[in-house]
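**Student:** The structure that follows is given in the form of structure tokens.
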Amino acid sequence: MACGDRIAAPMGPVVTTISIDAPRERVFEVLSDLAYRPAFCDHFADEYHLQRLESRGIGATARFYADARGFPMWMETVITELEAPHRIIERGHGSRSDRMAVGTAWELVEGPGATTELTVTFWAEPEMRSDKAKAHLGASRWYRKQWLKALKRLRDMLESGEPIESMHVGGASRI
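Just so we're aligned, residue 1 is where the sequence shown starts under my numbering, counting upward by one.
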């Protein structure tokens, strides 16, 4: 098989799970609204921008800069599937010229009492040799660490009961 005929090896998937002492519906509500993401992902997702006025539901889109040492890149994520309150699928692109497909899946399982078992799965499908090399040089390890930190921050925010800060599209009506 020639090199050009090979299917690109995906990065990951990177899988991280955490238990949150909050009802599954509340966790789903926060995750399905991209305006809340900077509150718990801003340690690795810089320059976060909502791409549409509606930040919730299918079609909601955000763009951000993943500032990984040695392999920083712009990424876009779009909510493509919602199965309330069980699952959210996001697809998008990253890297130079958005040449690499990326995906994120959020799975919420009801636990005992009012707890939620939350699993996030992140993957990338690099096409270029340079992107594949970065995946082998520690990108998966870096993303696993960042997603684990994000889930811990989300857990702490939800369990505190305090309102979670959301962002707005610049110039949008606040009425």
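We put the beta carbon where it would ideally sit given N, CA and C, even for glycine. Because the structure is a prediction, the values reported are computed rather than measured.
Name, in chain order, the residues that DSSP records as bridge partners for T119.
**Tutor:** Paired residue(s): T17 and E107.
**Student:** Among the candidates V27, R52 and R63, whose CA atom is the shortest distance from the CA of S160?
**Tutor:** Minimum Cα distance to S160 is reached at V27.
**Student:** Return helix, strand or coil for M75, following the three-state DSSP convention.
**Tutor:** It is a strand residue.
**Student:** With burial defined as no fewer than 16 other Cβ atoms inside 10 Å of the residue's Cβ, what is the status of A45: buried or exposed?
**Tutor:** So A45 counts as buried.
**Student:** From G92, S19 and L151, pick the residue whose C-alpha is nearest to that of E76; which is it?
**Tutor:** Ranking the options by Cα distance to E76, first place goes to G92.
**Student:** Mind the definition here: the stretch 38 to 53 touches the stretch 62 to 69 only if three or more C-beta pairs lie below 8 Å; say whether that holds.
**Tutor:** Enough Cβ pairs lie closer than 8 Å, so yes.
**Student:** Give the straight-line distance between the Cα atoms of V15 and Q146, rounded to the nearest whole angstrom.
**Tutor:** Each residue's Cα considered, the two are about 11 Å apart.
**Student:** Give every residue of the same chain whose Cβ lies closer than 7 Å to the Cβ of M157, excluding the five residues on either side of it in the sequence, and list them in chain order.
**Tutor:** Cβ neighbours of M157 beyond the five flanking positions: A39, F40 and I164.
**Student:** I'd like the list of long-range same chain contacts for I7, defined as Cβ closer than 6 Å, with 5 residues on each side in sequence excluded.
**Tutor:** Low local confidence applies: a pLDDT of 39 at I7 is under 50, so the model's placement there is unreliable, with the coordinate-based value given in what follows. Same-chain partners within the cutoff: there are none.
**Student:** Are E125 and A105 close, meaning C-beta to C-beta below 9 Å?
**Tutor:** Cβ distance not < 9 Å, so E125 and A105 don't count as in contact.
**Student:** Give the range of the beta strand (DSSP E) segment to which R99 is assigned.
**Tutor:** Careful: R99 lies outside any beta strand (DSSP E) and carries neither H nor E.
**Student:** Please determine, among A35, G103, E81 and G113, the residue with the shortest C-alpha to C-alpha distance to S167.
**Tutor:** Checking the displayed sequence, the identity of residue 167 turns out to be Met instead of Ser. Comparing Cα-Cα distances from M167 to each of A35, G103, E81 and G113, the minimum goes to A35.
**Student:** Does DSSP put F44 in a helix, in a strand, or in coil?
**Tutor:** Coil at F44, not helix or strand.
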